[in-house]
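See structure below.
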Amino acid sequence: MTSAGTVLVTGATGTTGSRTAARLVAAGHRVRAAGRRGAALPGAQPVRFDWYDPATHDAALTGTDRVHLVPPVGDPDPAAVMLPFLERARALGVRRAVLLSSSAVPAGGPAVGQVHQVLPSLFDEWAVLRPSWFMQNFTGAHLHATTIRATGTFATATGDGRVAYVDADDIAAVALHALTDTDAPNTDLVLTGPEALTHDDVATILTEVTGRPVTHHRLTVAEVRHRLTESAGIPPQFAALLADMDHAIAEGAENRTTDTVHRLTGHPPNDLRTATARETGRGL
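Numbering (the working numbering), first residue to last: -2 to 281.
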């Protein structure tokens, strides 16, 4: 690894951004933790940053040579704000950009896929992290986690489709390497956990680890879209995108595992039991 330069981490209070910033600090790197009111993280310099307020961009970028990009949450067209920011970043001397995308979104695909497609033309050093769905969706602030805590249930339109859920800690471990290794990956990296599970399997594991019954309810795509819009307050266009991803899972789109976490970090990815026990404070 190289210790030169300063890394700007956007979304630094979020699930992956906070973990990435912490790993960078622990490894001795200078970090700017970006958030709308600045992100107060131990060892990092807080900096005010808002994707939708260009007046905050130059101050965050000046003196930065690498940037970890967490797209604006819930925006169906993040390229509209991200691409002007990235052009400005290049002009101000940023040489490496690492984008957080999704295993479900290829280059040129919807939403952040448009940013992925353009990134290699903007930076000589780059990477796109394409993690599967987060294990923390069942323990953090995600709708699944909040309904599990409230009712012991969660709902999807994934049917018998399988997902190799990935631990956010493992995503951050890969991000550390992508941002600081001497040679940038210059590719996209699909990140998964060690096993592909149905959501009925997930419910069984959550029940076993937490000691509290958890049930997976199966919905139609239309029902998921309605639920996301009416109950979670997600904009209709983005809710439709998420519901369509459930349908893709049902069709087998996420039924895969990769060796990327192990190959880049030197350790195998955590399984769902391990991550759930850690996040909920339960010992195995």
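Where is the CB? At the ideal position from N, CA and C, for every residue including glycine.
On a predicted model such as this, the values are computed, not experimentally measured, just so you know.
Practice problem: Kindly indicate the opening and closing residues of the alpha helix (DSSP H) around P117. | Solution: Numbered from its first residue, the sequence shown carries residue 117 at position 120. Residues G110 to L119.
Quiz item: Is the segment 218 to 232 in contact with the segment 188 to 195, if contact means three or more CB pairs nearer than 8 Å?
Solution: no
Quiz item: If you count every other CB in all the chains shown that lies within 10 Å of the CB of Y162, and 16 or more means buried, which is it?
Solution: In the sequence shown, the residue the question calls residue 162 occupies position 165. It counts as buried.
Quiz item: Taking the C-alpha atoms as reference points, what is the distance between A147 and T136?
Solution: Locating residue 147 in the sequence shown gives position 150, counting from the first residue. Locating residue 136 in the sequence shown gives position 139, counting from the first residue. Approximately 12 Å, taken between the alpha carbons.
Quiz prompt | Inter-residue Cα distance where the pair is H223 and T10 | solution = Counted from its first residue, the sequence shown places residue 223 at position 226. Counted from its first residue, the sequence shown places residue 10 at position 13. Roughly 29 Å separates the two Cα atoms.
Exercise. Put A37 into one of helix, strand or coil per three-state DSSP.
Key: The count along the sequence shown starts at 1 and reaches residue 37 at position 40. In this structure, A37 counts as coil in the three-state DSSP scheme.
Quiz item: Where V6 and R29 are concerned, what is the direct C-alpha to C-alpha distance, given to the nearest angstrom?
Solution: Locating residue 6 in the sequence shown gives position 9, where the first residue counts as 1. Locating residue 29 in the sequence shown gives position 32, where the first residue counts as 1. In a straight line, the C-alpha of V6 is about 6 Å away from that of R29.
Practice problem: For V115, collect the residues of the same chain with a Cβ closer than 7 Å to its Cβ; drop the 5 residues on either side in sequence, then sort them by chain order. | Solution: The residue labelled residue 115 in the question sits at position 118 within the sequence shown. Correct list, in chain order: L80.
Exercise. Indicate whether at least one CB of chain B lies closer than 8 Å to the CB of T273.
Key: Although the question refers to chain B, the structure presented lacks it and comprises just one protein chain.
Quiz prompt | Ranges of the beta strand (DSSP E) found wholly within the segment 139 to 218, counting only runs of at least 3 | solution = 150 to 153, 185 to 188 and 212 to 215
Self-check item: Whole-number beta carbon distance between T144 and T150, since they are thought to touch under 8 Å
Solution: Here residue 150 is taken as the residue at index 153 of the sequence shown, counted from 1. Here residue 144 is taken as the residue at index 147 of the sequence shown, counted from 1. Contact flag correct, Cβ pair sits at about 6 Å.
Self-check item: Option nearest V95 by Cα separation, candidates P233, P128, G106 and E220
Solution: Residue 95 sits at position 98 when you count from the first residue of the sequence shown. Closest by alpha carbon: P128.
Self-check item: Beta carbon of R270 nearer than 8 Å to that of V206
Solution: Taking the first residue of the sequence shown as 1, we reach residue 270 at position 273. Taking the first residue of the sequence shown as 1, we reach residue 206 at position 209. Result yes, Cβ atoms of R270 and V206 sit closer than 8 Å.
Quiz item: What do you reckon, are the CB atoms on A18 and A41 nearer than 8 Å?
Solution: Reading the sequence shown from its first residue, position 21 is the one you call residue 18. Reading the sequence shown from its first residue, position 44 is the one you call residue 41. It is a contact, given that the beta carbons lie within the stated cut-off.
Quiz item: Which residues share a DSSP beta bridge with R63?
Solution: Indexing the sequence shown from 1 puts residue 63 at position 66. Per DSSP, V4 and R93.
Quiz item: What does E122 pair with, by DSSP beta-bridge criteria?
Solution: Along the sequence shown, one-based indexing puts residue 122 at 125. Answer by DSSP bridge pairing, in chain order: R93.
Quiz item: So, helix, strand or coil for L281, using DSSP?
Solution: As a first step, residue 281 must be located in the sequence shown, where it is residue number 284. Because the pLDDT at L281 is just 40, under 50, the model does not fix this residue reliably, and the value given afterwards should be weighed accordingly. In this structure, L281 counts as coil in the three-state DSSP scheme.
Quiz item: Between V187 and A200, is the Cβ-Cβ spacing less than 8 Å?
Solution: As a first step, residue 187 must be located in the sequence shown, where it is residue number 190. As a first step, residue 200 must be located in the sequence shown, where it is residue number 203. In this structure, A200 does not lie closer than 8 Å to V187 by Cβ.
Quiz item: Taking just the CA atoms, how far does V22 sit from L281?
Solution: The count along the sequence shown starts at 1 and reaches residue 281 at position 284. The count along the sequence shown starts at 1 and reaches residue 22 at position 25. With a pLDDT of only 40 at L281, under 50, the local geometry of the prediction cannot be trusted, and the value read off the model is given with reservation. Spanning the two alpha carbons is a distance of roughly 29 Å.
Practice problem: Report the three-state DSSP secondary structure of G14 (helix, strand or coil). | Solution: Position 17 of the sequence shown, counting from 1, holds the residue named residue 14. Here G14 sits in helix by DSSP.
Quiz item: CA-CA distance, V221 and D62?
Solution: As a first step, residue 221 must be located in the sequence shown, where it is residue number 224. As a first step, residue 62 must be located in the sequence shown, where it is residue number 65. If I take the Cα positions, the gap works out to 41 Å.
Self-check item: Assigned secondary structure, V70 (DSSP; H/G/I helix, E/B strand, else coil)
Solution: Along the sequence shown, one-based indexing puts residue 70 at 73. Note: V70 maps to coil in three-state DSSP.
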